[in-house]
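Q: Heads up: the sequence shown is residues 1087 to 1210, going by my numbering.
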Amino acid sequence: MKPAQVRMARAALNWSLANLAKAAGVHRNTISNYETEKFGGSEEALIAIRRALETAGVIFVDENGEGPGVRLRKVRTRDEALAQAKANLEAMTDEEDAEITASATADPDSQLVESLIHRKGKKR
């Protein structure tokens, strides 16, 4: 992830430094200093920043002769999301299964998570 990609990602999401800092759990100066190349950033901070942006829908595009970039993930319909989730469930390891179950417990109001749990129960 390059500094310019973080700037592009924030612009695509219409996020301020404060928005990204809150989502990533890092100080806004860490992001600002990374974007302006004043500081390379710690590995932990860069992972948190990337994870927050990817969770928000950013896809990082590697350099392909024209330079690195970002794009936003395609917005899917609920049925498309459920079909992808079903495919993911079928390929899931026991460790990933436990992580999903823990997430469902943390966010019991999520309709998608509840649907996944229901489908998971049918799978077994």
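Every residue, glycine too, gets a C-beta built ideally from N, C-alpha and C.
Keep in mind the model is a prediction, meaning the values are calculated, not measured.
1) For Val1112, name the three-state secondary structure that DSSP assigns.
2) Applying the 10 Å Cβ sphere with the 16-neighbour rule, what's the burial state of Gly1127?
3) Going by the beta-carbon positions, is the gap between Thr1121 and Arg1093 smaller than 8 Å?
4) Taking Arg1137 as part of the beta strand (DSSP E), name the residues at either end of that continuous run.
5) Assign Thr1141 to buried or exposed, taking buried as 16 or more other Cβ atoms, counted over all protein chains shown, within 10 Å of its Cβ.
6) Quick check on Arg1096: does DSSP put it in helix, strand or coil?
7) Judging by CA-CA distance, which residue of Glu1130, Leu1099, Gly1155 is the nearest neighbour of Gly1111?
8) With distances taken from CA atoms, which of His1113, Asn1150, Val1147 is nearest Leu1132?
9) To the nearest angstrom, how far is it from the Cα of Pro1089 to the Cα of Gly1155?
A: From the atom records:
1) Locating residue 1112 in the sequence shown gives position 26, counting from the first residue. It is coil, neither helix nor strand.
2) On the sequence shown, position 41 is the one that residue 1127 refers to. Buried: at least 16 other Cβ atoms inside 10 Å.
3) As a working note, residue 1121 is residue 35 in the sequence shown. As a working note, residue 1093 is residue 7 in the sequence shown. In the sequence as displayed, the identity of residue 1121 is Glu instead of Thr. Closer than 8 Å, so yes.
4) Walking along the sequence shown from the start, residue 1137 turns up at place 51. Here Arg1137 belongs to no beta strand (DSSP E); instead the alpha helix (DSSP H) covers 1129-1141.
5) In the sequence shown, counting from the first residue as 1, residue 1141 sits at position 55. Only exposed fits Thr1141, as fewer than 16 other CB atoms lie within 10 angstroms of its CB.
6) On the sequence shown, position 10 is the one that residue 1096 refers to. The answer is helix: DSSP assigns Arg1096 an H, G or I state.
7) As a working mapping, residue 1111 is identified with position 25 in the sequence shown. Answer by Cα proximity: Glu1130.
8) If you number the sequence shown from 1, residue 1132 lands on position 46. Closest option to Leu1132, Cα to Cα, is His1113.
9) Position 3 of the sequence shown, counted from the start, is the residue given in the question as residue 1089. Position 69 of the sequence shown, counted from the start, is the residue given in the question as residue 1155. Their backbone Cα atoms lie some 10 Å apart in a straight line.
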